[in-house]
Each structure stands twice: as C-alpha cells, then as structure tokens.
Amino acid sequence: MENSSWIRAMFEEGERLKKAYGAESIFDFTLGNPIAEPPRELKKELYDLVVKETMGMHRYMSNSGYEEVREQIAAFHRGNSGLPFTKDHIIMTVGSAGGINVALKALLDPGDEVLVPSPFFVEFMFYIENHGGVMKLVETGGDFHLDLEAIEGAITEKTKAIIINSPNNPTGAVYREEELKGLASLLSRKRAEGLRIFIISDEAYRKIIYDNTPLPDAFGLYDDTITVFSHSKDLGLAGERIGYLAVSPRIGDDRSLIDAMIFANRILGFINAPALMQRLVGRFQKNSVDVAGYQQKRDAIYSILVESGFDVALPRGTFYIFPKAPLEDDVEFIRLLQEHRILAVPGVGFGRRGYFRLAYCTEMAVIERSREAFMEVGKLFR
Ligand SMILES: Cc1ncc(COP(=O)(O)O)c(C=O)c1O
Numbered sequence: 021m022e023n024s025s026w027i028r029a030m031f032e033e034g035e036r037l038k039k040a041y042g043a044e045s046i047f048d049f050t051l052g053n054p055i056a057e058p059p060r061e062l063k064k065e066l067y068d069l070v071v072k073e074t075m076g077m078h079r080y081m082s083n084s085g086y087e088e089v090r091e092q093i094a095a096f097h098r099g100n101s102g103l104p105f106t107k108d109h110i111i112m113t114v115g116s117a118g119g120i121n122v123a124l125k126a127l128l129d130p131g132d133e134v135l136v137p138s139p140f141f142v143e144f145m146f147y148i149e150n151h152g153g154v155m156k157l158v159e160t161g162g163d164f165h166l167d168l169e170a171i172e173g174a175i176t177e178k179t180k181a182i183i184i185n186s187p188n189n190p191t192g193a194v195y196r197e198e199e200l201k202g203l204a205s206l207l208s209r210k211r212a213e214g215l216r217i218f219i220i221s222d223e224a225y226r227k228i229i230y231d232n233t234p235l236p237d238a239f240g241l242y243d244d245t246i247t248v249f250s251h252s253k254d255l256g257l258a259g260e261r262i263g264y265l266a267v268s269p270r271i272g273d274d275r276s277l278i279d280a281m282i283f284a285n286r287i288l289g290f291i292n293a294p295a296l297m298q299r300l301v302g303r304f305q306k307n308s309v310d311v312a313g314y315q316q317k318r319d320a321i322y323s324i325l326v327e328s329g330f331d332v333a334l335p336r337g338t339f340y341i342f343p344k345a346p347l348e349d350d351v352e353f354i355r356l357l358q359e360h361r362i363l364a365v366p367g368v369g370f371g372r373r374g375y376f377r378l379a380y381c382t383e384m385a386v387i388e389r390s391r392e393a394f395m396e397v398g399k400l401f402r
C-alpha cells in the first residue's frame, strides 16, 4: 500500500490545499481524468439505446462480448492493418485496465518476467504482480524512446511479454516505426532461438496524437501481438469502463490463447464488459473527443514550461508532459511546486527520478493562470 500510488497521494494533497486556499487558486495537474465530454452523437446514441428498450439488453452474454460489436471493431482493424481480423480476435473488456489483467492472467505462469520500458504507467507493476509475474523495468533513451540494446540485455529465458505503451503515459512519446521494427526483429530472433515473447501494446491513447505524428500499426510488425484499447480517453468514457483486447490474426495457435483470455475475463470476476457501453461504442470506432483542443493545451503548457526555463521534451500524444525537475530530488521539487500552488506528480511515481509529470487534460484557463506560478519557480533556478 505504501507504494500504491504517488498520483493518488498528490491528488489527495491537492484536495487538502484546495480546501485550505480555494480551488480557484490551485493549479491541479495530478490526475489523468479528462474533462473532455464524449462526442455529442455518442450521447444521442446512448439516449436512443436507453429509450428503445431492446428485449434482453441487460442480460448476461458471451464472456467475450456482443458479436455485432466485436464485428464492428474487427472491421476497424481490418481497415487499419489489412489483416483478416474477425470478431473472434476481439474480446470486450472492462477498460484497458481489465484488458491488460485478462491478457496477463492468460499468459503468465508464476515467476514469468514481463519487460516494461521506463518511465511507465505504474499500474502495470500491480497488474503483473496480480498474476504471479515479475516486472523488469528497462530504461528508455534520453528522449523516452525504446532502447533496444537495453531490452535485449533484460531478456532471460523467463521473459514472457513486453508491455509497450505508445502514445506513452507519462512522457507523451509516440514510438516510431523503425524502433518498433527493431523490437519486432529482436523478438523474432528470440523466437527463432526458441523463446516466445508476446508484445502487449497498450494503446489507450491511440487517438490522442498531435502534429500528424504517425502511429505505426503494431499488428503489421510482429505476429505475437496483443493490443489493448480503451474508450476512456478517446470517447471520454473513463468512468463507464469499456475497452477491448485485439489479438493478431497472425498469432500461431491463436484459439487457445484467445479462449484463455475469454476464460480469464470470466474468472477474474468481470464476466463480461458492461453491456450498455458495448452497444454504444461499436459504431464510434473512428470518432474521438476534441483532439485539437488537447493540442492547444499541449502547446500552451509546453510554451509556459520552456519560457520558465524547464528542460522538457515536446509530447507527441496523450495529455501528459514530463519535464526534468531542476532539483535532483523530484519529491522535494514537487513540494516546492506546491508552495507555488502547482500540483504535479514526481517522476519516482513512474520509475524515473529527477522528473515530474503534469496532466494537462484540464481547463485551458487553469493552464493559463498557472503561467505566473511556473515563472516564479523557474526564476529560483536561474
Ligand atoms: C497507459 C494507460 N493504460 C491503461 C489505462 C487504464 O485505462 P482504462 O480506463 O481504459 O482502464 C490508463 C489510464 O490512465 C493509462 O494511462
């Protein structure tokens, strides 16, 4: 529990400060809980679904989810990848958090190792440990891209999977095609030597991408790929808990793995993903919340940080930014930010000391109002 989450700890500290000083005067960048509302057409569809009263729409179903919804999603992936996806390659899940747990439950034996490029979304550690796995962190390069040599060095005969997350929480990095190809050829080489390692590609932020940065389709690059999607961020449905797993049609002996995942969905107690939300999202695979609005916020926070003298990489996706802390001790720096009414999460909470994360999925006015406070902090280090 002590390790449970810096994000939550900072969020709670923020609540205390807001009570003490008033919410208006606090700049809260702790939680990735987006304020963007779902698209209008989606809300309309939700209303129509509810008033239509289709018989049986609240009942149990197949553990993998409604066939017609899985078919709609398979069609989306056929279009994206050119691969022969069918509904049988799709499992509806309780968000991507549910999906990752289902995949790990199906894949891991006790003691199996899962590689995670760092900095990383800290929940991965708990998910891996839920299923008897051992997380092995692999540092990314200076610009938060994959370090293939480090990944190769971390592989042992117990390595079962690598979880990649692009666009990345907390860094905003979007992995390039050549680095993913490099990863694929490394894992293919290992496969030829008799070691089968799966890629679990967490694409919770796949639609929140800026500057026309290309997002390579993971399925085209490596056969043993399972991707995890979420509609928490792209459709603004985080509290509704809906996402899905898609398994590459090129995975060998795919049926036993897919059956194991469907079984895991059941025995982890999910049974199936929420029925109403499944019916809702099938038609909205190509829609998303206002990404241009997020891009404006990205530009605003980035320029505030640069003007204030911070060393920071420009995020290409998500709604997080991960600047270098000007103090070696990032937790001490977070306390200093708090003195200036800025709430952020220390890099240690993502496995990288000396940095901090800001979640800018907040009102533009909060970002703009924070400018002066960042400038004050920046001045202390000039
Ligand atoms: C990288 C990453 N993966 C998964 C999740 C979980 O998303 P979901 O709400 O779909 O379970 C999050 C949520 O913040 C995330 O940042």
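For the sequence shown, position 303 (counting from the first letter as 1) is numbered 323 according to this note's numbering, and the numbering increases by one without interruption. By construction, the Cβ of each residue, glycine as well, lies at the ideal position given by its N, Cα and C atoms.
For the pair I111 and S84, the Cα-to-Cα distance works out to about 5 Å.
In this structure, the CA atom of I120 is about 13 Å from the CA atom of R261. For a cut-off of 8 Å, the C-beta gap from M281 to L300 is around 22 Å, too long to register as a contact.
D222 has its Cβ nearer than 6 Å to a heavy atom of ligand 1. Taken from the Cβ of N285, every heavy atom of ligand 1 lies 6 Å or farther away. Within 6 Å of the C-beta of N189 there is at least one heavy atom belonging to ligand 1.
Going by beta carbons, F49 and A364 fall inside the 7 Å limit. A straight line joining the alpha-carbon of T176 with that of L124 spans about 18 Å. According to the DSSP assignment, S138 belongs to the beta strand (DSSP E) that extends over E133 to S138. The Cβ-Cβ distance between P190 and F47 does not fall below 7 Å. Checking the 6 Å criterion, the Cβ of A117 is within range of a heavy atom belonging to ligand 1. Taken from the Cβ of N185, at least one heavy atom of ligand 1 lies inside 6 Å. Taking C-beta atoms as the reference points, V158 and I171 count as a pair closer than 7 Å. When only Cα atoms are considered, P294 and I27 end up about 27 Å apart. Considered as a whole, the stretch 224–263 harbours 245–250 as its complete beta strand (DSSP E) runs of no fewer than 3 residues, in chain order. Under a 10 Å Cβ-count criterion, K180 is classified as buried, with 16 or more other Cβ atoms of the shown protein chains found around its own Cβ. Taken from the Cβ of F141, at least one heavy atom of ligand 1 lies inside 6 Å. Closer than 6 Å to some heavy atom of ligand 1: that describes the Cβ of S252. For the 7 Å CB-CB criterion, V309 and A56 form a contact. Taken through DSSP and simplified to helix, strand or coil, S221 comes out as strand. DSSP lists no bridge partner for P269.
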